[in-house]
Amino acid sequence: MKSLFKIFLLLLLILFQNQSLNAQGPTNEIVELKNEIEGMHIGTSIYYLRDNAYRLTIDDITDKNFENKFTKSEMVRPNFGNEQLAIWNKFTVTNHTSNDWIFELGVHTVDTFTVYYPNKLGGFDKVESGRSVAYQDRNYKASNFLYDIPLIQGDTTTIYFRVSAYIMQYPISVHTKKLYFEKAHKKDISNGAYVGFVILIVLFNFMIWISTRDRNYIFYILYVIMNSLMVFELNGFLGQFIWVGSLKNMWHHGPIIVALSGFFAIIFTINFLETRKNLLSFHRIFHYFFMPLFAIIIILDLIDMKLVASVLNQTIGVLLLITMFTVAVILYKRGFRAARFYIFATSFYFSGAVIYALKTFAIVPHNFITENSIEIGSALEMVLFSLALADKINFHKKGQEIALRDKEILMREQNIVLEKTVKERTKDLLQEKEKSEKLLLNILPEEIADELKETGQAKARDFDMVTILFTDIKNFSGIAEKLTAQELVTEMDTCFKAFDAIVEKYYVEKIKTIGDSYMAAGGVPTPSTDAVKNTVLAAIEMQNFIVQRKNERHENGQIAFEMRIGLHTGNVVAGIVGDRKFQYDIWGDAVNTASRMESSGDVGKVNISQDTYELLKDCVEFSFESRGKIEAKGKGKMEMWFVKRVSENKKALLY
8 MKSLFKIFLL LLLILFQNQS LNAQGPTNEI VELKNEIEGM HIGTSIYYLR DNAYRLTIDD
68 ITDKNFENKF TKSEMVRPNF GNEQLAIWNK FTVTNHTSND WIFELGVHTV DTFTVYYPNK
128 LGGFDKVESG RSVAYQDRNY KASNFLYDIP LIQGDTTTIY FRVSAYIMQY PISVHTKKLY
188 FEKAHKKDIS NGAYVGFVIL IVLFNFMIWI STRDRNYIFY ILYVIMNSLM VFELNGFLGQ
248 FIWVGSLKNM WHHGPIIVAL SGFFAIIFTI NFLETRKNLL SFHRIFHYFF MPLFAIIIIL
308 DLIDMKLVAS VLNQTIGVLL LITMFTVAVI LYKRGFRAAR FYIFATSFYF SGAVIYALKT
368 FAIVPHNFIT ENSIEIGSAL EMVLFSLALA DKINFHKKGQ EIALRDKEIL MREQNIVLEK
428 TVKERTKDLL QEKEKSEKLL LNILPEEIAD ELKETGQAKA RDFDMVTILF TDIKNFSGIA
488 EKLTAQELVT EMDTCFKAFD AIVEKYYVEK IKTIGDSYMA AGGVPTPSTD AVKNTVLAAI
548 EMQNFIVQRK NERHENGQIA FEMRIGLHTG NVVAGIVGDR KFQYDIWGDA VNTASRMESS
608 GDVGKVNISQ DTYELLKDCV EFSFESRGKI EAKGKGKMEM WFVKRVSENK KALLY
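Pasting the structure below:
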């Protein structure tokens, strides 16, 4: 482990020895293009104006009224983090040379990057680029996004540009054309070498798999391919060579590439380190925490929630790297041979990723190593993993020879106890079957359970007019800090048991609990004309229970829960997915809307949507209070209503 630290220190020393681009950039307000400067970052010479509503035009921002609304950038490489918006920018440039100059956008995560040049007619000429523009339609056929600085010697002009993205970082640098294309040529050579190396590694390991049929090689090949695609995505290669023709609309699915890379990294890791056998607790974390999260990221990307998908990718990616490295270190200390190779291999790749990030934020200078740190780290990782797999096979062969000698003895011993075991197991299986039947009916609706037992699967079905109910405890985290874990779980159990009885009373199907949230739906799996009414009645009775419970606990000097409830009626798809940990669930935009009704509600009240109100407005059992249009996250303004139950004597309104 000490040697890894020494290697990392050596890399840092090398990084700062050769600075090929002015990392600090100019600090003055005007970009001065001079002969002694062939390239520099200009972030601190840029003025920017946020356009959160995507409404401003070039005519707006060049108006005198907007002159004082621009803010001077203090960042060498402008970076506003994970934020989906548009930003207008401008910089003033003077050319003191006879050289031809260009400016470069140094990342490939910008959706649109539109440049506006003042023309002789008093207007602006527009050049549009970014990921959304096909490679063949770009002004420069280069891996990066390039734009001319159309100035002759002695001229000064102000150039405007608009950036639109969900990862809002856009390092801008200016270069002489000569310098840039010399640098680009070197980059193309190194990238070509990397692509060739990836192909060589894939073919080499595929040939070994053909001879050994060891599935670790297949998992490794898939990991190398997906990880290389992620690197290609960072370098803009996918948009240049892959996302063309019928695949041109794939340019905006970058989060999927990153998520799949993480997914296959998990598959390779759990097989290479044999976590099921060596570290079961972490094996379950990989399977039941990380893998579903990457699946969620893919879904979020497909439903165009790019910003959320990207933030999750970054957060889960860092957490995954730490977890995988931790697992390898634990197994290394336990003497697991393959973990040593894993630590060395991943250390190179992680170091390359860290150096690339430091370069992106202008913390380390630009040079050959920082520009290609991910490719270098990835290539070293591939070599070490290939050697590790070969060593693993040799080690297992020796183990198999020992195992074969012990096998005959073991078989004789097993035959002795086999008959006895079979009888005991048969009895146990019958008991377990009975328990499983009861447990299955506790998890799934009876008709779904019957279908699952008969056919081995349960088909998802469309349901109309389903009323979805969500609850949420106010300030649950704050309450959790004041109660012991046992007190908190006991109180949650008391409330949720009461909720279970209430939804059963009103023929409402409990869907699931998520932390302190309770979800149920009326109208599934058996449609009913009374489903809307019954679900609202159940919600009111739940709220009554929480209020009553609160009064009881306050009388005893105890902390009590307060709760919001929200409902919405709409179309859903219901069923079960996967083949492990069955759970009957529902999907659809109606579910999201119901969740927004809950989060937009008030404590102690039942908040319903306009659709649910329309179905109940003529029901004399209820009284309604219009809330008007309320802003709902991700939905805009929505009509909402508070609903109460009218008592039999008409004198009181009940929740």
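Note that the sequence shown covers residues 8 to 662 in the working numbering. Idealized CB from N, CA, C, for every residue including glycine.
Asked, Found
"What residues match up with residue 108 in a beta bridge as DSSP calls it?", "156 and 183"
"Around the Cβ of residue 75, are there at least 16 other Cβ atoms within 10 angstroms (buried) or fewer (exposed)?", "exposed"
"Using the rule of at least 16 other Cβ atoms within 10 Å of the residue's Cβ for burial, across every protein chain shown, is residue 299 buried or exposed?", "exposed"
"Between which residues of its own chain and residue 117 is the CB-CB distance below 7 Å, once the five residues before and five after are set aside?", "137, 138, 170, 172 and 177"
"Tell me the rounded alpha-carbon separation between residue 654 and residue 628.", "8 Å"
"Which complete alpha helix (DSSP H) runs does the stretch 263 to 299 hold, if anything under 4 residues is left out?", "282 to 285 and 287 to 292"
"Looking at residue 395: is its Cβ nearer than 8 Å to the Cβ of residue 352?", "yes"
"I need the DSSP call for residue 515, collapsed to helix, strand or coil.", "coil"
"Between the C-alpha atoms of residue 227 and residue 331, what's the straight-line distance to the nearest angstrom?", "15 Å"
"Taking DSSP as the reference, what is the three-state secondary structure of residue 535?", "coil"
"Of the choices 318, 333 and 168, whose alpha-carbon is the least far from that of residue 131?", "168"
"Using 8 Å as the threshold, is the C-beta distance between residue 573 and residue 596 below it?", "no"
"Considering residue 621, what are the terminal residues of the alpha helix (DSSP H) in which it resides?", "617 to 623"
"Kindly identify the DSSP beta-bridge partner or partners of residue 98.", "166"
"Please classify residue 384 as buried or exposed, where buried requires at least 16 neighbouring CB atoms within 10 angstroms.", "buried"
"Tell me the DSSP secondary structure of residue 581 in three-state form.", "strand"
"In angstroms, rounded to a whole number, what distance separates the CA positions of residue 510 and residue 261?", "43 Å"
"Starting from the C-beta of residue 31, find all residues in its chain whose C-beta is less than 7 Å away, skip the five residues before and the five after it, and write them out in chain order.", "Only weak support exists for where residue 31 lies, its pLDDT of 44 falling under 50; the value from the coordinates is given anyway. Excluding residues within five positions, the ones whose Cβ falls inside 7 Å are 83."
"Does DSSP put residue 556 in a helix, in a strand, or in coil?", "helix"
"If we count the other Cβ atoms within 10 Å of its Cβ and call it buried at 16 or more, is residue 561 buried or exposed?", "exposed"
"Report the three-state DSSP secondary structure of residue 64 (helix, strand or coil).", "coil"
"How many whole angstroms separate the CB atoms of residue 294 and residue 179, which I take to be in contact at a CB cut-off of 8 Å?", "Wrong, their Cβ atoms sit about 43 Å apart, outside the cutoff."
"Leaving aside the five residues before and after residue 163 along the sequence, list all residues of the same chain whose C-beta is less than 6 Å from its C-beta, in chain order.", "101"
"In angstroms, rounded to a whole number, what distance separates the CA positions of residue 264 and residue 272?", "12 Å"
"Taking only three categories from DSSP, how would you classify residue 591?", "coil"
"Tell me whether the beta-carbon of residue 636 lies closer than 8 Å to the beta-carbon of residue 624.", "no"
"Quick check on the DSSP output: the beta strand (DSSP E) that includes residue 124 runs from which residue to which?", "119 to 125"
"Can the beta-carbon of residue 329 be found closer than 8 Å to that of residue 339?", "no"
"Distance cutoff 8 Å, beta carbons only. Does residue 195 sit that close to anything in chain D?", "The structure shown has no chain D; it contains just one protein chain."
"Please state whether the Cβ-Cβ distance between residue 650 and residue 613 is less than 8 Å.", "yes"
"Under DSSP, the beta strand (DSSP E) around residue 635 begins and ends at which residues?", "629 to 639"
"Would you mind working out which of 444, 609 and 423 sits nearest residue 477, comparing C-alpha positions?", "609"
"Just to confirm my understanding: we take residue 213, look at its own chain, exclude 5 residues before and 5 after, and list those with CB closer than 7 Å. What are they?", "228"
"Hey, is the stretch 544 to 551 in contact with the stretch 422 to 442, meaning 3+ C-beta pairs nearer than 8 Å?", "no"
"State whether the stretch 575 to 591 contacts the stretch 524 to 538, with contact taken as three or more CB pairs (one from each stretch) at a distance under 8 Å.", "yes"
"Among 44, 91, 482 and 640, which residue has its Cα nearest to the Cα of residue 317?", "91"
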